[in-house]
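**Student:** What follows is a single structure, and I will ask about it in a moment.
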Amino acid sequence: MMKRNADVISRPFGEAAVLVDLATNQVFELNRTASRIWELLGEELDGPAIVEALLGEFDVDRATLQIEVEGLLAELLRQNLIVETDGSTSPRG
Numbered sequence: 014m015m016k017r018n019a020d021v022i023s024r025p026f027g028e029a030a031v032l033v034d035l036a037t038n039q040v041f042e043l044n045r046t047a048s049r050i051w052e053l054l055g056e057e058l059d060g061p062a063i064v065e066a067l068l069g070e071f072d073v074d075r076a077t078l079q080i081e082v083e084g085l086l087a088e089l090l091r092q093n094l095i096v097e098t099d100g101s102t103s104p105r106g
């Protein structure tokens with residue numbers, strides 16, 4: 014399971030969002046889809062639940078969406094914007 018890092022704040026920026034890591038002062042811009050994934054992480058959804066939620070919101074096939082969600086979660090984890098909460102090493106939720 015993944016959750017947002019408590020040291021990261023987010024602000025809407027049009028249809029996108031901006032994340033600021035207060036520990037490093039790094040700024041990240043998320044596009045519309047990534048911003049929605051960030052919101053769903055705030056609702057404590059795991060990877061599969063995020064995919065299910067997005068399937069109803071975006072016109073994309075499941076396989077493509079799953080790859081994109083997993084890729085974004087891996088990158089957010091790499092940048093320390095999200096943290097693992099259950100000790101697993103997979104960003105798949």
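Everything in the sequence shown is counted per our numbering, starting at 14 for the first residue and increasing by one.
Even glycine gets a Cβ: it sits at the ideal position worked out from N, Cα and C.
All of these numbers come straight from a predicted model, not from anything done at the bench.
1) Just the C-alpha distance for Met15 and Leu54, rounded to the nearest angstrom, thanks.
2) Which residues mark the beginning and the end of the alpha helix (DSSP H) in which Ala87 is found?
3) Let me know if Thr37 comes out buried or exposed under the rule of 16 or more other beta-carbons within 10 Å of its beta-carbon.
4) Might you give, ordered along the chain, the residues of its own chain that have their beta carbon closer than 7 Å to the beta carbon of Leu43, omitting 5 neighbours on each side?
5) Between which residues of its own chain and Thr102 is the CB-CB distance below 6 Å, once the five residues before and five after are set aside?
**Tutor:** So, from the data block:
1) 7 Å
2) Arg75 to Arg91
3) Looking at its Cβ environment, which holds fewer than 16 other Cβ atoms inside 10 Å, Thr37 is exposed.
4) Ala29, Ala30, Leu32 and Trp51
5) In this prediction, Thr102 has a pLDDT of 44, which is less than 50 and means its spatial position is unreliable; what the coordinates show is noted afterwards. Nothing listed; no residue qualifies.
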